[in-house]
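Here's the structure, in structure tokens; my notes come after.
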Amino acid sequence: MHMDGTDKKLITLIQADFPIEERPYAAVGEKLGIPEQEVIDRINAIMESGEIRRLGASFDSRKVGYTSTLCAVHVPPEKLDAAIAAINRFHNVTHNYERNHHYNVWFTLIAPSRARIEEIIGEIEADAGIGPVINLPASRLFKIQVDLPVIDG
Amino acid sequence: MDRIFSEKEQELIRLLQETIPVTPEPFAEIAAQAGMEPAEVVAKVQEWKQDGTIRRFGAMVRHQRLGYTANAMSAWDVPDARAEEVGAILAAADEVSHCYQRPRADKWDYNLFAMIHGASEEDCRRMAAELSQQVGIAAYELLFSSREFKKISMKYFIE
Numbered sequence: 166m167h168m169d170g171t172d173k174k175l176i177t178l179i180q181a182d183f184p185i186e187e188r189p190y191a192a193v194g195e196k197l198g199i200p201e202q203e204v205i206d207r208i209n210a211i212m213e214s215g216e217i218r219r220l221g222a223s224f225d226s227r228k229v230g231y232t233s234t235l236c237a238v239h240v241p242p243e244k245l246d247a248a249i250a251a252i253n254r255f256h257n258v259t260h261n262y263e264r265n266h267h268y269n270v271w272f273t274l275i276a277p278s279r280a281r282i283e284e285i286i287g288e289i290e291a292d293a294g295i296g297p298v299i300n301l302p303a304s305r306l307f308k309i310q311v312d313l314p315v316i317d318g
Numbered sequence: 432m433d434r435i436f437s438e439k440e441q442e443l444i445r446l447l448q449e450t451i452p453v454t455p456e457p458f459a460e461i462a463a464q465a466g467m468e469p470a471e472v473v474a475k476v477q478e479w480k481q482d483g484t485i486r487r488f489g490a491m492v493r494h495q496r497l498g499y500t501a502n503a504m505s506a507w508d509v510p511d512a513r514a515e516e517v518g519a520i521l522a523a524a525d526e527v528s529h530c531y532q533r534p535r536a537d538k539w540d541y542n543l544f545a546m547i548h549g550a551s552e553e554d555c556r557r558m559a560a561e562l563s564q565q566v567g568i569a570a571y572e573l574l575f576s577s578r579e580f581k582k583i584s585m586k587y588f589i590e
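Protein chains in written order, with the working numbering: chain Y, 166 to 318; chain D, 432 to 590.
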């Protein structure tokens with residue numbers, strides 16, 4: 166999809182500063198100098214193209230009482246498919262990547278308790294016949310930033 | 432942090448963590464589904480943004496498609512006594528989106544993680560080398576993702 170300058174401004178605006186009020190798209194339109202309906206049409210088009218993957222709230226897992234961790238595991242090539250299936254079947258797994266390292270599969274886990282995280286790790290290891298999974302919960306958080314500016318081109 | 436969310440609040444969280452309606456009054460639609468008043472929903476969302484329960488509210492974009500084509504998970508072996516100082520420096524870099532201290536593990540000597548975003552892998556390597564100079568830590572590795580197996584937003588209160 167070709168995005169014009171207004172689309173880019175619109176994305177930046179609704180990424181960083183979505184108005185929390187009863188008619189948010191009218192408020193966005195006011196800032197951009199376009200009508201509410203045009204804001205709605207443009208957002209729908211951008212969402213359809215997949216450039217925006219979701220429009221909503223990101224909750225802080227700790228503040229809703231959940232706990233999170235980063236896990237890694239060495240998976241030999243012949244077990245990769247089974248390992249991915251065993252890991253991805255949990256809705257608690259939000260990200261899962263192959264990376265260039267001895268530990269070649271990296272995934273994040275979010276669950277209501279540490280005990281549940283241990284339980285899920287145990288099930289993954291048993292299910293796929295892999296492991297041990299290393300469990301690396303953050304002990305300190307220096308930065309979480311989900312917004313990156315839209316780059317031209 | 433033990434906080435109890437009422438049934439209504441949990442329902443509201445379930446609705447807000449999906450894509451909200453792109454119609455003139457999205458919060459009124461959500462309110463109707465949650466059995467709340469529109470103004471109540473707006474106030475609750477504002478309160479949750481204020482106290483950090485909602486980390487961010489808005490559009491989540493696909494970074495790769497908007498110009499950031501490469502990301503590297505940089506992992507650093509930093510003496511524990513310097514972890515706080517080095518973490519703060521890494522976190523201050525614009526190209527770093529996430530930065531954490533984590534425990535070391537078997538065959539894993541690194542205790543600081545910084546996610547670096549750039550236009551290319553080369554770009555990420557260059558930025559990591561600059562950061563390495565800046566913090567005076569030579570023991571680091573860049574792990575590039577060769578495949579994405581899963582990427583979703585977490586859904587709470589669905590189990």
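Backbone N, C-alpha and C fix where the C-beta goes; we use that ideal spot for every residue, glycine too. None of the values given here were measured: they were computed from a predicted structure.
Closest Cβ-Cβ distance between ALA490 of chain D and chain Y: below 8 Å?
-> yes
When D:ILE451, D:CYS555, D:VAL472, D:THR454 are compared against ALA545 of chain D, the one with the closest alpha-carbon = D:CYS555
Can you tell which of Y:VAL238, Y:ILE179, Y:ALA210, Y:ILE286 has the C-alpha that lies nearest to the C-alpha of ASN269 of chain Y?
-> Y:VAL238
Can you tell me whether DSSP reads ILE252 of chain Y as helix, strand or coil?
-> helix
Decide yes or no for the touch test of the region 466-480 of chain D against the region 502-521 of chain D: beta carbon pairs closer than 8 Å, at least 3 of them.
-> no
My guess is that GLY138 of chain Y and GLU201 of chain Y are in contact by the Cβ rule of under 8 Å, so how many angstroms apart are they, rounded?
-> Because chain Y spans 166 through 318 in this model, residue 138 of chain Y falls outside it and cannot be assessed.
Of all the options Y:ARG281, Y:ILE286, Y:ARG279, Y:ALA280, which has the alpha carbon lying nearest to the alpha carbon of TRP271 of chain Y?
-> Y:ILE286
Between which two residues does the beta strand (DSSP E) harbouring VAL527 of chain D extend?
-> 527-532
Which bits of chain D does HIS256 of chain Y rub up against, with CB to CB less than 9 Å?
-> ILE583, MET585, LYS586, ILE589, GLU590
Would you mind telling me which residues of chain D sit closer than 9 Å to VAL240 of chain Y, beta carbon to beta carbon, in chain order?
-> The premise fails here: VAL240 of chain Y is roughly 11 Å from chain D at the closest Cβ pair, so nothing lies under 9 Å.
is_contact[ILE176 of chain Y, chain D] using C-beta, thresh 8 Å | yes
Whole angstroms is fine: what's the gap from ARG227 of chain Y's alpha carbon to GLU579 of chain D's?
-> 25 Å
Can you name the residues of chain Y whose CB is closer than 9 Å to the CB of VAL566 of chain D?
-> Chain Y residues near VAL566 of chain D: none, gap ~12 Å exceeds 9 Å.
Going by the CB atoms, is the gap between ALA501 of chain D and ALA550 of chain D shorter than 8 Å?
-> yes
At a CB-CB cut-off below 7 Å, which residues of chain Y make contact with GLY483 of chain D?
-> ASP225, LYS228
Distance between THR454 of chain D and LEU562 of chain D (C-alpha atoms, nearest Å) = 45 Å
Hey, is the region 284-299 of chain Y in contact with the region 204-224 of chain Y, meaning 3+ C-beta pairs nearer than 8 Å?
-> no
Where does GLY170 of chain Y land, buried or exposed, given buried means 16+ other C-beta within 10 angstroms?
-> exposed
8 Å contact criterion, which GLY483 of chain D and ASP225 of chain Y should meet: CB distance rounded = 6 Å
With DSSP collapsed to three states, give me the class of SER551 of chain D.
-> coil
Whole-angstrom distance between CYS530 of chain D and HIS267 of chain Y, CA atom to CA atom = 22 Å
Would you identify the three-state DSSP class for TYR571 of chain D, choosing helix, strand or coil?
-> strand
Pull up the distance between the alpha-carbon of ILE295 of chain Y and that of ASP206 of chain Y, whole angstroms please.
-> 48 Å
From the beta carbon of VAL473 of chain D, is the nearest beta carbon of chain Y less than 8 Å away?
-> yes
Is ALA503 of chain D near LEU573 of chain D, with beta carbons less than 8 Å apart?
-> yes
Considering TYR190 of chain Y, what are the terminal residues of the beta strand (DSSP E) in which it resides?
-> Counting along the chain, TYR190 of chain Y falls outside any beta strand (DSSP E), though it belongs to the alpha helix (DSSP H) covering 189-197.
Quick one: does SER563 of chain D have its CB under 8 Å from some CB of chain Y?
-> no
ILE289 of chain Y and ILE252 of chain Y: beta carbons closer than 8 Å?
-> yes
Under 8 Å Cβ-Cβ, which residues of chain Y neighbour TRP539 of chain D?
-> ALA237, TYR268, ILE299, LEU301
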